[in-house]
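Okay, so here's the structure we're looking at.
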Amino acid sequence: MDQVLVTGGTGFIGSHTVVELQNAGYEVIIVDNLSNSSIDSISRIERITGIKPHFENLDCLDYVGLDHVFAKYEDIKAIIHFAASKAVGESVQKPILYYRNNVNGLMNIIDLMPLYGIKHLVFSSSCTVYGQPDTLPVTESSPIKPATSPYGNTKQICEEIIRDVVHSGSCDMRSIVLRYFNPIGAHPSGEIGELPVGVPNNLVPYITQTAIGMREELRIFGDDYDTPDGTCIRDYIDVVDLAKAHVVAVKRMLEEKQEEPIEYFNIGTGKGISVLELVHAFEKATGVKVARRVVGRREGDIVKVWADATKANNVLGWHAETPLDETMKNAWKWEQKVHGETEKKKGKE
Ligand code: WQD
Numbered sequence: 003m004d005q006v007l008v009t010g011g012t013g014f015i016g017s018h019t020v021v022e023l024q025n026a027g028y029e030v031i032i033v034d035n036l037s038n039s040s041i042d043s044i045s046r047i048e049r050i051t052g053i054k055p056h057f058e059n060l061d062c063l064d065y066v067g068l069d070h071v072f073a074k075y076e077d078i079k080a081i082i083h084f085a086a087s088k089a090v091g092e093s094v095q096k097p098i099l100y101y102r103n104n105v106n107g108l109m110n111i112i113d114l115m116p117l118y119g120i121k122h123l124v125f126s127s128s129c130t131v132y133g134q135p136d137t138l139p140v141t142e143s144s145p146i147k148p149a150t151s152p153y154g155n156t157k158q159i160c161e162e163i164i165r166d167v168v169h170s171g172s173c174d175m176r177s178i179v180l181r182y183f184n185p186i187g188a189h190p191s192g193e194i195g196e197l198p199v200g201v202p203n204n205l206v207p208y209i210t211q212t213a214i215g216m217r218e219e220l221r222i223f224g225d226d227y228d229t230p231d232g233t234c235i236r237d238y239i240d241v242v243d244l245a246k247a248h249v250v251a252v253k254r255m256l257e258e259k260q261e262e263p264i265e266y267f268n269i270g271t272g273k274g275i276s277v278l279e280l281v282h283a284f285e286k287a288t289g290v291k292v293a294r295r296v297v298g299r300r301e302g303d304i305v306k307v308w309a310d311a312t313k314a315n316n317v318l319g320w321h322a323e324t325p326l327d328e329t330m331k332n333a334w335k336w337e338q339k340v341h342g343e344t345e346k347k348k349g350k351e
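In the working numbering, the protein residues as written are 3 to 351.
Take a look at the structure:
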């Protein structure tokens with residue numbers, strides 16, 4: 003059975019991707035240092051698929067440890083590299099942590115691949131690389147703009163490293179770079195979802211935590227933007243749809259269908275949705291009101307960005323399928339489950 007190594011596989015997008023890889027018949031090895039996720043993800047994944055993924059508790063900065071993992075699993079045919087720090091605001095405060103973790107981690111993976119005959123790398127990138135596009139929707143050939151945060155810069159640098167290594171011919175490496183828009187939602191089983199540490203930075207977990215009473219109100223960061231309702235617009239992609247894009251990418255590589263040694267795909271719905279529209283969609287889907295207040299703009303926010311996903315649709319054969327109201331229902335189901343479990347634990351203390 004073909005093995006796929008997934009770094010960051012206990013995280014939000016990683017765990018959903020592991021489920022879809024197992025559903026597609028791949029044997030999965032997770033490498034994760036659990037710095038931003040829980041070991042519980044392993045048993046939760048197993049409850050969904052009935053298959054327990056291999057797990058190596060390891061930091062991608064540990065070159066020797068990674069080397070031992072590559073030597074241990076002899077059928078690794080592809081690697082999906084999720085492991086990275088991803089909080090935009092934190093990256094401004096702690097740039098060196100982000101450059102070391104995100105860039106050195108990737109370089110260790112790339113360094114080891116040819117030593118073990120592993121040719122295929124799927125890289126987790128972000129629409130952040132486009133900055134505020136001049137024209138919308140944004141395509142894969144839209145200009146890469148100077149990053150507005152160290153986090154965004156690490157994604158650009160990692161893409162450039164992959165490009166240079168693939169084009170160097172120094173090793174027979176091929177890559178597919180997936181540029182995510184805004185991943186949201188949770189697995190319909192309610193077993194896995196987003197588990198932000200501390201106060202959520204992202205919109206949807208803040209909405210669900212407000213809805214369940216953990217947060218007093220949602221602060222809407224500005225309603226005076228040049229958009230129809232004044233709030234920022236994003237392309238919110240269901241996390242299960244996003245996970246399936248990784249399986250399609252791995253399959254494409256293993257079947258040697260790539261047309262270029264490195265391919266880039268925007269993974270989004272192709273539809274822009276405003277903050278207020280998303281709040282209304284949540285309320286309509288769940289029947290739960292979200293207390294909110296408009297406050298000042300958040301520094302660094304892009305006003306509007308959404309994908310032209312035509313290339314992923316036509317070349318990868320991948321489409322975003324989950325309707326927004328279903329994504330909202332899944333996010334709410336997950337929040338209720340996590341909150342319920344937290345209350346139960348408190349009760350036992
Ligand atoms: C979305 C919109 C906020 C919270 C970031 C990263 C991106 C990716 C996804 C890693 C914005 C508004 C938010 C809140 C709000 N991360 N908002 N109140 O900033 O588009 O993207 O997360 O890959 O790389 O940049 O996502 O969810 O933080 O914000 O009004 O409490 O919601 O102003 O307009 P963002 P977000």
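In this text, a Cβ means the ideal position worked out from N, Cα and C, and glycines have one as well.
The C-beta of Y118 has fewer than 16 other C-beta atoms within 10 Å across all chains shown, which makes the residue exposed. According to the DSSP assignment, E29 belongs to the beta strand (DSSP E) that extends over E29 to D34. Taking 7 Å as the cut-off, the C-beta of V241 does not count as close to any heavy atom of the ligand WQD. If the five residues before and after M255 are omitted, its C-beta is found closer than 7 Å to the C-beta atoms of A80, H122, R176 and I178, all from its own chain and listed in chain order.
For D240, the beta-bridge partners assigned by DSSP are I186.
Put simply, the segment 186-200 touches the segment 12-28. At least three CB pairs are less than 8 Å apart. With fewer than 16 other Cβ atoms inside 10 Å of its own Cβ, Q95 counts as exposed. Distance from the CA atom of P116 to the CA atom of F72, rounded to whole angstroms, is 11 Å. Contact between the segment 286-297 and the segment 313-333 is present, with at least three C-beta pairs closer than 8 Å. Between G192 and K335, the gap from beta carbon to beta carbon is short of 8 Å. As far as DSSP is concerned, V249 takes part in no beta bridge. Across the set G133, R165, E261 and V297, the C-alpha of V297 shows the shortest separation from the C-alpha of D226.
For T9, the enclosing beta strand (DSSP E) begins and ends at Q5 to T9. At least one heavy atom of the ligand WQD lies less than 7 Å from the C-beta of F223. Assigned with DSSP and collapsed to three states, H321 falls in coil, not helix or strand.
T156 is a Cβ neighbour of N104, given a cutoff of 8 Å. When rounded, the separation of the alpha-carbon atoms in R217 and R165 is 43 Å.
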